[in-house]
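Please read the structure below before turning to the comments.
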Amino acid sequence: MKEGQSSRTAEAAAALRANHFKNAENPVFSDPFAFDLTSKGWQKLLTTPLTVKLINSPVLNRTLGLLTGQVVGRSRYAEDLLQQAIEKKITQYVLVGAGLDSFILRQAQQYPNLKIFEVDHPDTQATKQRKLQRFGEIPKNVEFVAIDFEKESIADALSRSSFKQDKPAFFSWLGTTHYLEPQTTLNTLKSIAKIAAPKSEVVLDYSIDHRELSGVERFGSLFVSQFTRFLKEPLKGQFRPKLFHDSVNHMGFEVAEDLSGDGLSHRYFNTRADHIRHTIATHMLHLRLIK
Ligand SMILES: C[S@@+](CC[C@H](N)C(=O)[O-])C[C@H]1O[C@@H](n2cnc3c(N)ncnc32)[C@H](O)[C@@H]1O
């Protein structure tokens, strides 16, 4: 991230959710707050008929749809699993790298017994808190924790909050590992393993090492990498699944699921008329702490 600047990729992700909510038939993930949370620039693009038509054209959906598919697919996957965790009486939800995720606006009041921690870079968090003011008071069960993953461990950051180390928690960490050095991602997971109680869960998305991609996906991965460079948040973190699994197993996690891009397309984007699908360049990983 660029020092002193709120995350541009968080704005882009919110814009993709906003466009999906407003324009997709049968949305995979519905986020009615994303439009208000994204930047003025994106709002302008999303209200200009020509760009809206272009962004949602079937031709672009086959390519840009990969970006939309990734952004709405990861949120849907994480919240499906969160729902199951809540049914199993998990009482702590930690949104790591929360960005402009609107869970606290959509659902915090529905789950008053769920303590929600938004953990994010202080620059992104300050901008989000300013934007949240227009929606009224922040629900009492929400707490903000500032962190720079490159400089501090999540265990240290959460120890400044009311996070309970003896109670299982559900961590979602979406759209972030791609922008961190692989070692930073591994250190953060190690830190979660240290601070969280057994039966805690982690859901994250990660980029597949580009050497394992081919054809249009390799080209797409290159395009996204150039685009994020332009947004001053270059993609740095890629993993080979098998090696990644070995590393997290050593930390005390079991891999409950590693869902490939095709698996996500099959689960959430099957036979969509608009051709949106999930890229195969990223996977969803669901971990459970056994220690
Ligand atoms: C693409 S956004 C994803 C936001 C959100 N999870 C979503 O799915 O829309 C990436 C997030 O990672 C955060 N981030 C990136 N680098 C970070 C760092 N070094 N420390 C803390 N947060 C960081 C940004 O502030 C931003 O919120």
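In the numbering used here, the protein residues as written are 19 to 309.
Yeah, the Cβ is synthetic: ideal placement off N, Cα and C, and Gly gets one too.
Bear in mind the structure is a predicted one, so any value in this text is a computation, not a measurement.
Residue burial classification, residue i (beta-carbon count within 10 angstroms, cutoff 16)
i: residue 18; result: With the chain represented from 19 up to 309, any question about residue 18 goes unanswered, as that position is not in the structure.
i: residue 267; result: exposed
i: residue 138; result: buried
i: residue 29; result: buried
i: residue 308; result: exposed
i: residue 120; result: buried
i: residue 123; result: buried
i: residue 38; result: buried
Presumed contact (8 Å Cβ cut-off) between residue i and residue j, rounded CB distance
i: residue 36; j: residue 64; result: 6 Å
i: residue 176; j: residue 135; result: 7 Å
i: residue 270; j: residue 296; result: The pair is not a contact, with the Cβ atoms about 29 Å apart (cut-off 8 Å).
i: residue 215; j: residue 186; result: 5 Å
i: residue 294; j: residue 86; result: 5 Å
i: residue 172; j: residue 206; result: 5 Å
Cutoff 8 Å: residue i Cβ touching any chain D Cβ
i: residue 35; result: Checking the listed chains, one finds no chain D in this structure; it contains a single protein chain.
As assigned by DSSP and simplified to three states, the class of residue i
i: residue 124; result: helix
i: residue 306; result: strand
i: residue 113; result: strand
i: residue 235; result: helix
i: residue 226; result: strand
i: residue 262; result: helix
i: residue 296; result: coil
i: residue 17; result: Any property of residue 17 remains undetermined from this structure, which presents the chain solely from 19 to 309.
i: residue 164; result: strand
i: residue 185; result: coil
### Query
Looking at C-beta atoms only, is the number of pairs between the region 180-198 and the region 215-228 that lie closer than 8 Å three or more?
yes
### Task
State whether the region 34-48 contacts the region 247-259, with contact taken as three or more CB pairs (one from each stretch) at a distance under 8 Å.
no
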